[in-house]
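**Student:** Residues 15 to 545 (this note's numbering) make up the first sequence, in order.
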Amino acid sequence: MVWLISSTALRARPTSTAARNSTTRSRSASRRKSSSARSERMSGASITRTIATIPNASRVRSVIDLLEVHHVRRHRLPPFPTIHTFRDRVAPFCPTPYVPKTYATVATLPKVVTQTVTVRGWVAHLRSSGKVAFIVMRDGTGLLQCVLVKNQLTPEVWERFATLTQETSIAVTGEVRAEPRAPGGHEMGVTDLEVLGTSPHDYPIQPKEHGIDFLLDNRHLWLRSPRQVALMRVRHEIEQSIHDFYYERGFIHVDTPILTAAIGERSGLFSTEYFEEGTAYLAQTGQLYGEAAAAALGCIYTFGPTFRAEKSKTRRHLTEFWMIEPEMAFYDTHASMQLQEEMLVSIVGRVLERRQAELKELERDVSKLEAIQGPFPRIAYTDAVATLQAKGSAIVWGDDLGAEDETLLVADYQTPIFVCNYPKQAKAFYMKENPDDPRTVLCDDCLAPEGYGEIIGGSQREDDHDKLLARIHEEGLPVDAYGWYLDLRKYGTFVHSGFGLGLERTVAWITGTPHIRECIAFPRMMHRLRP
RNA sequence: UCCCGAGUAGCUCAGGUGGUAGAGCAGGUGACUGUUAAUCACCCUGUCGGGGGUUCGAGUCCCUCCUCGGGAGCCA
15 MVWLISSTAL
25 RARPTSTAAR
35 NSTTRSRSAS
45 RRKSSSARSE
55 RMSGASITRT
65 IATIPNASRV
75 RSVIDLLEVH
85 HVRRHRLPPF
95 PTIHTFRDRV
105 APFCPTPYVP
115 KTYATVATLP
125 KVVTQTVTVR
135 GWVAHLRSSG
145 KVAFIVMRDG
155 TGLLQCVLVK
165 NQLTPEVWER
175 FATLTQETSI
185 AVTGEVRAEP
195 RAPGGHEMGV
205 TDLEVLGTSP
215 HDYPIQPKEH
225 GIDFLLDNRH
235 LWLRSPRQVA
245 LMRVRHEIEQ
255 SIHDFYYERG
265 FIHVDTPILT
275 AAIGERSGLF
285 STEYFEEGTA
295 YLAQTGQLYG
305 EAAAAALGCI
315 YTFGPTFRAE
325 KSKTRRHLTE
335 FWMIEPEMAF
345 YDTHASMQLQ
355 EEMLVSIVGR
365 VLERRQAELK
375 ELERDVSKLE
385 AIQGPFPRIA
395 YTDAVATLQA
405 KGSAIVWGDD
415 LGAEDETLLV
425 ADYQTPIFVC
435 NYPKQAKAFY
445 MKENPDDPRT
455 VLCDDCLAPE
465 GYGEIIGGSQ
475 REDDHDKLLA
485 RIHEEGLPVD
495 AYGWYLDLRK
505 YGTFVHSGFG
515 LGLERTVAWI
525 TGTPHIRECI
535 AFPRMMHRLR
545 P
């Protein structure tokens with residue numbers, strides 16, 4: 015818990031007077047102001063306790079530092095990016111000689127214009143014009159153009175430039191200046207260049223068109239490309255916004271098992287040997303466990319990987335994907351849909367607020383995202399079938415919606431839509447029978463706009479012990495395996511609902527990525543197990 | 001599993017009706033003081049997915065196998 019604090023927050027604060035430039039000072043001042051209100055809420059005893067748990071507690075300069083720690087811990091971060099230039103404070107703890115340097119990242123360059131700093135990263139492009147040379151480097155936070163002028167450098171440094179290749183890791187030192195011609199609007203007049211790690215001439219990813227198979231074979235390197243970096247950043251923002259959304263609402267994050275006995279959905283399972291217990295399966299859902307946790311904690315959510323062994327070969331499927339599964343005690347299907355809607359609006363709003371640069375890199379039409387506001391239409395399955403038939407679909411009542419049907423239905427709307435109350439035979443055994451129409455169950459699929467398809471599947475759970483047991487028998491499921499699940503209905507049954515949000519599908523939709531495989535760092539598909 | 005499609009240089013691809021392979025990019029060398037996927041000159045690069053067949057001769061035609069992509073179903 016506390017180790018998080020000591021390594022990041024302490025280093026983030028400059029100590030030496032030299033490093034305390036005017037920008038940093040004004041930041042400190044405003045931070046002091048904003049955190050003073052919160053300080054009143056912390057008791058003296060709790061401050062003392064917290065200090066005692068921090069390694070190198072003497073480095074905490076003041077209560078303000080400590081409050082900053084809490085500030086960070088509570089996710090109430092100032093707008094991205096947060097950490098700016100800092101004096102290297104790792105050095106005093108290292109056995110190697112201490113060389114004071116001001117390190118900066120590309121994202122923080124606007125804070126250090128006119129200063130001499132060092133930036134570490136990898137060579138993205140190289141250009142040379144005889145006596146002037148350019149390095150475009152990336153450091154994970156952005157691109158920086160570095161300019162080397164021959165007659166302003168020592169011969170050693172100039173010659174070192176000639177040894178650079180794409181992806182060489184380097185440290186460049188020089189003065190930062192605003193430069194409209196440079197990508198990112200800043201560039202560095204280099205005075206020193208250090209090679210940290212060499213790279214041979216055969217780096218496979220070129221700034222040209224590549225086939226998808228080649229790129230996936232080189233996924234570990236493809237990940238360095240600007241578009242992929244932007245995708246991972248948006249994915250991260252979506253994940254964090256989901257955690258924050260549920261944290262703010264008092265939901266408890268519960269981790270459910272990945273290795274399970276046969277339970278859950280009926281579609282393909284990955285299996286593995288499990289000691290003396292026979293076969294274990296990789297989890298297809300945490301939902302059933304989530305229901306147990308909801309009876310203990312009220313409202314919970316899970317956030318973890320899910321494994322489906324179906325031989326799906328489409329742009330919407332992965333064999334390993336990440337799913338968020340909230341489970342809410344005393345929520346009926348309507349309350350659940352309300353929550354789903356608020357969540358999606360919140361996620362999209364957060365990405366728009368904080369990831370404009372990435373959306374631009376991805377060439378996403380943000381007006382499509384700005385249109386994502388509630389309420390989302392809620393269409394009963396039976397009405398949807400009628401609409402689809404009127405539009406020429408061959409669907410008959412009782413069928414699940416096909417991919418074409420989904421696209422047809424969504425075409426009329428700018429926001430996600432809910433399709434509710436499907437026929438019982440099209441859905442899982444644990445969904446609650448619809449009291450108004452027993453042919454159907456209380457459930458909802460949320461279909462994303464622009465043809466991205468189903469991103470959420472949810473339902474109110476069957477809370478009647480005997481009806482649930484009957485459904486387990488009807489489906490021919492092994493009753494033994496569901497004993498503990500039935501117990502949830504035996505000991506104080508309760509109305510509850512939940513849903514599963516597919517993370518990669520959500521990322522694909524929000525970023526406008528046509529294929530889901532780019533929306534996870536290392537996709538697992540039918541024919542893709544490495545890298 | 002089913003239906004389409006594709007495998008030629010490191011990468012992206014072109015190679016009418018059969019006559020032992022070509023471009024762009026990347027890489028190398030050189031030129032250039034502001035480049036943005038820099039430009040210019042020269043140089044290097046091949047088990048044409050594997051196997052079999054037809055033929056004097058197959059990247060090209062036939063058979064077969066393999067690999068991969070897209071879609072369907074299943075679902076998030």
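Here a beta-carbon is modelled for each residue, glycine too, at the ideal position from N, C-alpha and C.
Name, in chain order, the residues that DSSP records as bridge partners for Met-342.
**Tutor:** Here the question's residue 342 lines up with position 328 in the first sequence. DSSP lists Cys-313, Ser-511 as partners of Met-342.
**Student:** Return the CA-CA distance between Ile-184 and Asp-153, expressed in angstroms with no decimal places.
**Tutor:** Counting from 1 along the first sequence, the entry for residue 184 is found at position 170. Counting from 1 along the first sequence, the entry for residue 153 is found at position 139. If I take the Cα positions, the gap works out to 10 Å.
**Student:** Provide the residue span of the alpha helix (DSSP H) that contains Thr-396, from first to last.
**Tutor:** For the purposes of this step, residue 396 is taken as the residue at position 382 of the first sequence. Segment 395-404, the alpha helix (DSSP H) holding Thr-396.
**Student:** Given that a residue counts as buried once 16 or more other Cβ atoms are within 10 Å of its Cβ, and exposed if not, what is Leu-302?
**Tutor:** Counted from its first residue, the first sequence places residue 302 at position 288. Buried: at least 16 other Cβ atoms inside 10 Å.
**Student:** Given this structure, state the Cα-to-Cα distance separating Val-521 from Val-365, to the nearest angstrom.
**Tutor:** Against the first sequence, residue 521 aligns to sequence position 507. Against the first sequence, residue 365 aligns to sequence position 351. Near 10 Å, if we compare the C-alpha coordinates of Val-365 and Val-521.
**Student:** Is it right to say Gln-159 is buried, meaning 16 or more other beta carbons lie within 10 angstroms of its own, or is it exposed?
**Tutor:** For this step, residue 159 is matched to residue 145 along the first sequence. Flag for Gln-159 reads buried.
**Student:** On the three-state DSSP scale, how would you describe Ser-239?
**Tutor:** One-based indexing of the first sequence puts residue 239 at position 225. Note: Ser-239 maps to coil in three-state DSSP.
**Student:** Tell whether a beta-carbon distance below 8 Å holds between Glu-189 and Val-161.
**Tutor:** If you number the first sequence from 1, residue 189 lands on position 175. If you number the first sequence from 1, residue 161 lands on position 147. Cβ atoms of Glu-189 and Val-161: not closer than 8 Å.
**Student:** With 16 other CB atoms within 10 Å as the buried threshold, where does Gly-446 fall?
**Tutor:** Position 432 of the first sequence, counted from the first residue, corresponds to residue 446. It is worth fixing the name first, because residue 446 is Lys in this sequence and not Gly. Burial call: buried.
**Student:** Let me check understanding here. Comparing Cα to Cα, which of His-541, Leu-500, Leu-283 lies closest to Glu-305?
**Tutor:** Within the first sequence, numbered from 1, the residue matching residue 305 stands at position 291. Ranking the options by Cα distance to Glu-305, first place goes to Leu-500.
**Student:** Check whether the Cβ atoms of Ser-213 and Thr-177 sit closer than 8 Å, and answer yes or no.
**Tutor:** As a working note, residue 213 is residue 199 in the first sequence. As a working note, residue 177 is residue 163 in the first sequence. Going by C-beta atoms, Ser-213 is not nearer than 8 Å to Thr-177.
**Student:** Opposite Leu-159 in the DSSP bridges: which residues?
**Tutor:** As a working note, residue 159 is residue 145 in the first sequence. Just to set this straight, residue 159 is Gln in the shown sequence, not Leu. DSSP, once it has assigned bridges, lists Val-150, Glu-201 as partnering Gln-159.
**Student:** Please state whether the Cβ-Cβ distance between Pro-389 and Gln-428 is less than 8 Å.
**Tutor:** Within the first sequence, the letter at position 375 stands for residue 389. Within the first sequence, the letter at position 414 stands for residue 428. Going by C-beta atoms, Pro-389 is not nearer than 8 Å to Gln-428.
**Student:** Whole-angstrom Cβ separation of Gln-387 and Val-359, contact assumed at under 8 Å?
**Tutor:** The residue you call residue 387 lines up with position 373 of the first sequence. The residue you call residue 359 lines up with position 345 of the first sequence. Sure, about 6 Å apart at Cβ, within 8 Å.
**Student:** Excluding sequence positions up to five away, which residues of its chain have a Cβ less than 6 Å from the Cβ of Val-380?
**Tutor:** By 1-based counting over the first sequence, the position of residue 380 is 366. Around Val-380: Leu-373.
**Student:** Who pairs with Ala-634 in a beta bridge, going by DSSP?
**Tutor:** Beyond the ends of the chain as shown, which are 15 and 545, falls residue 634; an answer cannot be given.
**Student:** Could you have a look at Phe-228 and say whether DSSP puts it in helix, strand or coil?
**Tutor:** As a first step, residue 228 is located in the first sequence; it is residue number 214 there, counting from the start. Helix.
**Student:** Once you ignore the five residues that flank Asp-478 on each side, which residues in its own chain have a CB closer than 6 Å to its CB?
**Tutor:** Counted from its first residue, the first sequence places residue 478 at position 464. Cβ neighbours of Asp-478 beyond the five flanking positions: none.
**Student:** What separation, rounded to the nearest whole angstrom, lies between the Cα atoms of Met-539 and Gln-298?
**Tutor:** As a working note, residue 539 is residue 525 in the first sequence. As a working note, residue 298 is residue 284 in the first sequence. Between Met-539 and Gln-298, the C-alpha separation is close to 15 Å.
**Student:** Residues in the same chain with beta-carbon distance under 7 Å from Thr-454, minus the five sequence neighbours each way, listed in chain order, please.
**Tutor:** As a first step, residue 454 is located in the first sequence; it is residue number 440 there, counting from the start. Cβ neighbours of Thr-454 beyond the five flanking positions: Tyr-395, Asn-435, Tyr-436, Pro-437, Lys-438, Asn-448.
**Student:** When we look at the beta-carbon of Arg-503 and count the other beta-carbons within 10 Å, is it buried (16 or more) or exposed?
**Tutor:** Here residue 503 refers to the residue found at position 489 when the first sequence is read from its first residue. Buried, since its Cβ has 16 or more Cβ neighbours within 10 Å.
**Student:** Would Val-146 be called buried (16 or more neighbouring beta carbons within 10 Å of its own) or exposed?
**Tutor:** Taking the first residue of the first sequence as position 1, residue 146 is located at position 132. Classification for Val-146: exposed.
**Student:** Measuring straight from C-alpha to C-alpha, what distance separates Arg-475 and Ala-309?
**Tutor:** By 1-based counting over the first sequence, the position of residue 475 is 461. By 1-based counting over the first sequence, the position of residue 309 is 295. So the alpha carbons of these two residues sit roughly 13 Å apart.
**Student:** Let me know the secondary structure DSSP gives Phe-335 once reduced to three states.
**Tutor:** The count along the first sequence starts at 1 and reaches residue 335 at position 321. Three-state DSSP puts Phe-335 in a strand.
**Student:** Keeping to the same chain, check which residues put their C-beta closer than 6 Å to that of Arg-249; ignore five residues upstream and five downstream.
**Tutor:** Counting from 1 along the first sequence, the entry for residue 249 is found at position 235. Result list for Arg-249: Val-521, in chain order.
**Student:** Look up Pro-463 in the DSSP assignment and give the residues it is bridged to.
**Tutor:** Indexing the first sequence from 1 puts residue 463 at position 449. In DSSP, Pro-463 forms no bridge with anything.
**Student:** Tell me which residues share the same chain as Gly-465 and place their Cβ nearer than 6 Å to its Cβ, disregarding the 5 neighbours each side in the sequence.
**Tutor:** Here the question's residue 465 lines up with position 451 in the first sequence. Thr-421.
**Student:** I'd like the span of the beta strand (DSSP E) that includes Gly-135, first residue to last.
**Tutor:** Numbered from 1 along the first sequence, position 121 holds the residue referred to as residue 135. Its beta strand (DSSP E) spans residues 130-142.
**Student:** Roughly how many angstroms separate the alpha carbons of Asp-414 and Ala-440, rounded to a whole number?
**Tutor:** The residue given as residue 414 occupies position 400 in the first sequence. The residue given as residue 440 occupies position 426 in the first sequence. When rounded, the distance between both Cα atoms is 6 Å.
**Student:** Compare the C-alpha of Cys-460 against each of Ile-431, Gln-166, Leu-483, Pro-452 and name the closest.
**Tutor:** Locating residue 460 in the first sequence gives position 446, where the first residue counts as 1. Considering only alpha carbons, the answer is Ile-431.
**Student:** Taking the beta carbon of Gln-354 as the centre, do at least 16 other beta carbons fall within 10 Å, making it buried, or is it exposed?
**Tutor:** The residue given as residue 354 occupies position 340 in the first sequence. Burial call: buried.
**Student:** Thr-179 to Val-268, Cα distance in whole Å?
**Tutor:** For this step, residue 179 is matched to residue 165 along the first sequence. For this step, residue 268 is matched to residue 254 along the first sequence. Roughly 46 Å between the two C-alpha positions.
**Student:** Would you tell me roughly how many angstroms separate the C-alpha atoms of Glu-375 and Leu-229, rounded to the nearest one?
**Tutor:** By one-based count along the first sequence, residue 375 stands at place 361. By one-based count along the first sequence, residue 229 stands at place 215. Cα to Cα, the separation comes out at about 19 Å.
**Student:** Can you tell me which of the three DSSP states Leu-245 falls into?
**Tutor:** Within the first sequence, residue 245 is the residue found at index 231, counting from 1. The answer is helix: DSSP assigns Leu-245 an H, G or I state.
**Student:** Which residue marks the beginning of the beta strand (DSSP E) containing Glu-287, and which one marks its end?
**Tutor:** Within the first sequence, residue 287 is the residue found at index 273, counting from 1. That run of the beta strand (DSSP E) goes 285-287.
**Student:** So, using beta-carbon positions, are Gly-198 and Val-120 closer together than 8 Å?
**Tutor:** Here residue 198 is taken as the residue at index 184 of the first sequence, counted from 1. Here residue 120 is taken as the residue at index 106 of the first sequence, counted from 1. Result yes, Cβ atoms of Gly-198 and Val-120 sit closer than 8 Å.
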